[in-house]
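Sequential numbering of the sequence shown, starting at 1, is according to UniProt numbering.
For each residue, glycine too, the CB sits at the ideal point set by N, CA and C.
First comes the structure, then the notes that go with it.
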Amino acid sequence: MRFLAKLNLQTIMAAASVVMIVLALGTVSAVIYFLISDQITQDAIARQNASLRVAAEIVERDLPGTEIAWGKDGNVERVVMEEIPEEFASHEMIDTVGRMTHETATVFKWDDKTRDFWRKTTNIVKPDGNRAVGTQLGQNGAVYPVVTKGDTFRGEAIILGTPYYTIYEPIYSKRGDIIGILYAGVRKSVINALMNNITSKLMIAFAAILLVAGASMTFLVRTLLRPIPMLANVTHRLAEDDLDVDVPFADRKNEIGQLATAIATLKTRAEERRDLAASQETDEESRRERQKRIEQMISGFRSQVQSLTSSVGDTVTGLEETSRTLTGLARESAAKASETATSSDEASQNVETVASASEELTASISEISRQIGQTMKVVNQATEGAKSTNEKVASLASAAGKIGEVVTLIQAIAEQTNLLALNATIEAARAGEAGKGFAVVAAEVKELATQTSKATEEISGQISAIQASTREAVTAIGEITETMDEVNGYTSSIATAVEQQGAATNDISQSVLQAARGTSSVTQNMTGLSTTVDQTSAAADEVLRASSDMASKTTALNSEIERFLNEVSAA
């Protein structure tokens, strides 16, 4: 841990990343190696089964009396032969198996004397270059105890000192005795060479991946962590009160940006503290200057207050003398105002009597004028009503004339319809039996046209009577309108005369009322003057008392101001 504390963060993170990549690749490599090894082993076993199938097919084809039993999975399940030759005249059969499978193959025969299996034909070659014909299986190997029990051996076996991946299938006689073995196998060195080749390529690939990943991770770590030393340097300078430094990376949205923002906030707080200290120093200097100015202002204010309070005292003394003089004058004015008010009351009563009589005369004339005006309104309304009635009757006559025109048109249509019905009757008669129904309809239409013509004749008679009555009504209403116009003219003349008389009477009444109001106003003014004089006397007394009180309070105010100024100066 102490060793790590001496390294910078970039180196530690880069080294840790590389170590993690190595561990991860090592673990993956080990897993892949074991998986590939197992897969190759399984493939070898599958190849042995395939080789055994090929060998069984060829043996069955070339050796008469051979029978092969196949399992559900397609592999050889049982090999039965009548007899295995003691010697094979040719090894072409087993060489064919080798060419097809690219593996080794052997046919063993059981020997009761030696209690062992002997190779009768094989493509396995001994170290001296000869076929391994006439060599025994051996009782000490892993294969012998399995095969002698009648089971198939699958796995690694040592053949003439060389390891093989093998499969040994027992050969049975017709009686069910084990009389030999059908073998197929491949050198373990071939499988190992394949495995080593794959492993070498895998290691090269992993080394390349490690190199690229390590370089990428180192570059990424250094790129991501590069701001940290820079921010550390900024923090160190801020700790030394170097506030001219810029804080980079504050615009990033990750943790680096948050750290830079926090450092920028620390810088802002430091600047605020520096500004606050400078401001406090400036404020202290300002406070001292302000205190000096306050002391100067207090001194000047004290002089001014003393001068003003002295002037106020002199003014209060003069005000007391003026108040006493004003009180005497107010009392004399009150007595004279009372006498004038009595005389004004008597004159006001006489004028009010004349004004009352004038108001009654004016009221009578106003009533007459109102009645005449009402009469004129009634006459005007009657005249307007007569004119309106005349217009409506004239409109009625016009409407009756239009109805007459419509009736005439209906009558003409009825006559035309009658002619059409007559023509239809004639045509129906020409049509004979087929036109009977049409003739009935034509007769009904003719009957309706005749009835319509009669009805229009009656309507025409009624309309003519209405028009005659309307003309008579228009003449009568016109005479009534002329009479109403004459009455309206007479009424207007009477109203004009009454209005002139009313105006003259109203002028008299207004003059008397103005005189009454003038007398009343004099009385009210004298009463108000008396009241005002009394109020002036009371106010003069109040001013006198207030002047005395102001003198005492001015003295107290002077003492209080002096005390306040002394306290402010002491503060």
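Closest by C-alpha distance to residue i, when choosing among the options
i: residue 228; options: 196, 258, 201, 214; result: 258
i: residue 55; options: 37, 183, 500, 241; result: 183
i: residue 421; options: 140, 430, 446; result: 446
i: residue 499; options: 370, 486, 401; result: 370
i: residue 167; options: 116, 49, 71, 278; result: 49
i: residue 108; options: 180, 59, 162, 47; result: 180
i: residue 18; options: 214, 342, 535, 240; result: 214
i: residue 377; options: 475, 169, 489; result: 489
i: residue 575; options: 110, 124, 299; result: Look at the range of the chain in this structure, 1 to 571, and you will see that residue 575 is not part of it.
i: residue 482; options: 31, 563, 380; result: 380
i: residue 25; options: 448, 208, 242, 297; result: 208
i: residue 552; options: 155, 366, 241, 310; result: 310
i: residue 596; options: 197, 284, 280, 141; result: With the chain covering only 1 through 571, there is no way to say anything about residue 596.
i: residue 485; options: 324, 288, 384; result: 384
i: residue 59; options: 169, 46, 394; result: 169
i: residue 545; options: 35, 34, 324; result: 324
i: residue 11; options: 288, 430, 225, 419; result: 225
i: residue 408; options: 430, 461, 299; result: 461
i: residue 373; options: 45, 430, 496; result: 496
Integer Cβ distance of residue i from residue j, believed to fall under 8 Å
i: residue 152; j: residue 136; result: Not confirmed; about 20 Å, so no contact.
i: residue 51; j: residue 105; result: 7 Å
i: residue 221; j: residue 13; result: 4 Å
i: residue 143; j: residue 164; result: At roughly 10 Å, the Cβ-Cβ gap does not stay under 8 Å, so residue 143 and residue 164 are not in contact.
i: residue 21; j: residue 195; result: Actually they are not in contact, since the Cβ atoms of residue 21 and residue 195 sit about 25 Å apart, beyond 8 Å.
i: residue 450; j: residue 439; result: No, residue 450 and residue 439 are not in contact; Cβ-Cβ is about 16 Å, not under 8 Å.
i: residue 79; j: residue 172; result: 7 Å
i: residue 231; j: residue 249; result: 7 Å
i: residue 47; j: residue 103; result: 7 Å
In DSSP terms, what residue i is bridged to
i: residue 18; result: Looking at the DSSP assignment, residue 18 forms no beta bridge with any residue, so it has no partner.
i: residue 163; result: 158
i: residue 181; result: 108, 170
i: residue 342; result: In DSSP, residue 342 forms no bridge with anything.
i: residue 247; result: Paired residues: none, contrary to the question.
i: residue 69; result: 78
i: residue 116; result: 111
i: residue 605; result: This structure cannot speak to residue 605, because the chain is shown only from 1 to 571.
i: residue 121; result: 107
i: residue 136; result: 118
i: residue 187; result: 164
i: residue 131; result: 125
Pairwise C-alpha distance: residue j and residue i
i: residue 193; j: residue 138; result: 28 Å
i: residue 88; j: residue 63; result: 11 Å
i: residue 265; j: residue 246; result: 12 Å
i: residue 69; j: residue 206; result: 47 Å
i: residue 561; j: residue 531; result: 42 Å
i: residue 120; j: residue 112; result: 15 Å
i: residue 28; j: residue 202; result: 11 Å
i: residue 134; j: residue 199; result: 39 Å
i: residue 159; j: residue 16; result: 50 Å
i: residue 274; j: residue 261; result: 20 Å
i: residue 252; j: residue 190; result: 59 Å
i: residue 238; j: residue 272; result: 13 Å
i: residue 566; j: residue 268; result: 45 Å
i: residue 442; j: residue 410; result: 19 Å
i: residue 210; j: residue 130; result: 49 Å
i: residue 306; j: residue 277; result: 43 Å
i: residue 478; j: residue 387; result: 8 Å
i: residue 61; j: residue 157; result: 28 Å
i: residue 74; j: residue 66; result: 18 Å
i: residue 402; j: residue 391; result: 17 Å
i: residue 243; j: residue 235; result: 10 Å
i: residue 282; j: residue 295; result: 20 Å
i: residue 427; j: residue 464; result: 39 Å
i: residue 91; j: residue 127; result: 19 Å
i: residue 122; j: residue 101; result: 14 Å
i: residue 303; j: residue 555; result: 15 Å
i: residue 503; j: residue 493; result: 16 Å
i: residue 30; j: residue 23; result: 10 Å
i: residue 288; j: residue 233; result: 42 Å
i: residue 549; j: residue 290; result: 38 Å
Cβ of residue i within 9 Å of any chain C Cβ
i: residue 234; result: Absent from the structure is chain C; it holds one protein chain and no more.
Exercise. Is it a yes or a no for the segment 75-85 touching the segment 25-45, going by three-plus beta-carbon pairs under 8 Å?
Worked result: no
Exercise. If you pair each beta-carbon of the segment 95-102 with each one of the segment 143-152, do three or more pairs fall below 8 Å?
Worked result: no
Exercise. Do three or more CB pairs link the segment 409-421 to the segment 436-455 at distances below 8 Å?
Worked result: yes
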